[in-house]
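Numbering (our numbering), first residue to last: 16 to 661.
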């Protein structure tokens, strides 16, 4: 039992340091930093660069990375990002930090390179000693984690109870308005909290380096697991977040002792515990009141967004959509067979991304589990089409329908919690699917996935890439019509009103929950069909293809292009598929491959300035150009032109 407790304290210590950093940034700016793990990875890479590649002394490398670079990074993020989000809607806040997460990993690789690193040293250096207290083996890196956790805990008590800075932080947490009237400048507290939060992120990153290696996904998942302690602390209690994180680490390690020796739970129970507990905490706390209060505070911002959205002329969207579809068809006729297949895969991905147009574009809800719904649709389609010998297109539709009740269950658990907590609940659900459902060997087949043949319809066979591309376009057009009709229906009008003022909609007697349930159900169906089409394209339904972290990138890509239109998801899917292939085909420098995710992440950050995305911006420019051409030159210019002709 003792080895599990010691191991749990080490793991919980990393959770605790990360959780305190997350709470610090949230209480000062009301922004939950989804890029916390990416920042930890950036600082860990900086430490490795300083110490190993540049041969700096270990203490100097650690101090510069954790004490200098990380707080400076926090100040920069607060200056250019966090302080400008104070009046933004919670949806904009969430997508902005998600974009920051997507952008930070390629930025890290651009700065430090992406060569594989094996056995990077930690704060204990390269020659790590092993101790045996109480008969338990513990190495120096683990001991440093324990000592660092104790130091952070003691420092936290001193900061909050015995210093003026701690008093200011507690005052801002309890009542920002009253603390401002009392002379406390929230901007100073916010900047300091972001600096301290990023420093703690960097410290946890350096501590994790010898334990995880320099793998960005591992950093992100471990830091995301600390969100369970943050939720347990109701996002504001620093001591509760610290203690909850330690307890979480112990429980997680003890689960190894009592987990089944075989089956999916043997490997999936331990990594799943933080996310299961996060969902339990969310439901137990009943955070609906907090979410509604947030909706009331930001109703004005959303109303402004709706007015801004109305600027786009009515004819622009259908004309632009038709032009994009025509270009795709033309490309299929002139491109080589290989590129026709790549564009076809992008169209299939665009179908899955179209689900965001409903749940995020119309309902104004950030769902981080759309990729899981796509995975459900993919494995259901493969099971029915190949194993049960159903007609492939019927299996595709049923795969979408099977995703609907899954989406509705998630929605019924989450939509009452408020925007931020819906995102956390859907994130927890997606990670549970990654750990408990998708690894089931019947679906995963040792990584190979379930085989599936492309469909046919009577005499029409969609075996070739060109014919399958046309099938994908037809499916996309049908589902886009479904989205359009939903937007024009009573439920769609209610969703638009909810984005402006959820409280106002409830006052009118309309059901907010019902409208959001419909949005989740429709988006689940679309995502499920998109997953089935992706399985048809690959000729395999591979659950590993539907990883949660990839789904976060999906969201950033579709938001960048335009989540409130149908053409945005189509363009997003095609670009997501085509750009990496172009980079690989043209043998461009390796660093160029980091530019697409970096640009998509920056595009999602740009949502704070233009909530409608690139498509809407381009549409506005075309509208203004058409208006100028229709109006002709101004009178003075016209008279001058007439004189010159004479």
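Virtual Cβ for every residue (Gly too), placed ideally from N, Cα, C.
Buried or exposed by the 16-neighbour rule on C-beta atoms within 10 Å, applied to residue i
i	result
residue 517	buried
residue 45	buried
residue 208	buried
residue 569	buried
residue 313	Legend: pLDDT at residue 313 = 41, less than 50; position of this residue unreliable, no value from coordinates given.
residue 579	buried
residue 334	exposed
residue 529	exposed
residue 457	exposed
residue 503	exposed
residue 93	buried
residue 376	buried
residue 176	exposed
residue 126	exposed
residue 620	buried
residue 273	exposed
residue 362	buried
residue 369	buried
residue 146	exposed
residue 450	buried
Residue i versus the options, residue with shortest Cα-Cα distance
i	options	result
residue 151	358, 74, 351 and 22	22
residue 107	581, 575 and 592	575
residue 78	460, 338, 519 and 63	63
residue 128	68, 147 and 136	68
residue 546	377, 288, 240 and 360	360
residue 411	608, 367 and 621	367
residue 259	145, 234, 28 and 377	28
residue 590	288, 75 and 614	614
residue 54	593, 119 and 94	119
residue 409	471, 541 and 66	471
residue 538	287, 123 and 386	386
residue 467	238, 402 and 61	402
residue 618	586, 573, 282 and 161	573
residue 347	480, 274 and 455	480
residue 11	91, 540, 121 and 32	Nothing about residue 11 can be reported from this structure: the residues present for the chain run from 16 to 661 only.
residue 372	501, 355 and 139	501
residue 353	592, 620, 604 and 43	592
residue 1	16, 283 and 141	Nothing in the structure corresponds to residue 1, since the chain is present only between 16 and 661.
residue 434	56, 378 and 544	378
residue 132	602, 231 and 52	231
residue 365	587, 602, 601 and 168	587
residue 606	121, 168 and 99	121
Same chain, Cβ closer than 7 Å to residue i, neighbours up to 5 away in sequence not counted
i	result
residue 26	264, 267 and 268
residue 81	58, 214, 217, 218 and 221
residue 527	513, 517, 520 and 521
residue 245	34, 37, 38 and 256
residue 438	109, 381 and 383
residue 447	287, 290 and 291
residue 293	242, 243, 246, 439 and 443
residue 248	38, 255, 256 and 259
residue 336	581 and 582
residue 421	388, 391 and 539
According to DSSP, residues forming a beta bridge with residue i
i	result
residue 153	146
residue 664	Any property of residue 664 remains undetermined from this structure, which presents the chain solely from 16 to 661.
residue 140	137
residue 475	472
Own chain, CB closer than 6 Å to residue i, minus 5 neighbours either side, in chain order
i	result
residue 49	112, 113 and 116
residue 18	151
residue 144	155
residue 271	285
residue 608	598
residue 61	80 and 84
residue 227	233
residue 41	47 and 250
Close beta carbons around residue i, own chain, < 8 Å, minus the five adjacent residues each side
i	result
residue 211	36, 39, 86 and 89
residue 413	395, 396, 399 and 405
residue 560	390, 393, 464, 549 and 553
residue 171	35, 253, 254 and 257
residue 445	383, 384, 386, 387, 563 and 566
residue 441	381, 382, 383, 384, 425 and 429
8 Å Cβ cutoff, residue i in contact with chain D
i	result
residue 140	In the displayed structure, chain D is absent; only one protein chain is listed.
Closer than 7 Å: residue i CB and nearest the ligand PLP heavy atom
i	result
residue 490	Because no ligand of any kind appears in the structure shown, any question about the ligand PLP cannot be addressed here.
Handout entry: Complete runs of the alpha helix (DSSP H) confined to the segment 519-602 [at least 4 residues]
Key = 527-553, 563-576 and 582-600
Practice task
List in chain order: all unbroken alpha helix (DSSP H) runs of 4+ residues lying wholly within the segment 378-414.
Solution key: 385-397
Problem - Secondary structure, alpha helix (DSSP H): runs of 4+ residues fully inside the segment 77-118 - result: 85-95
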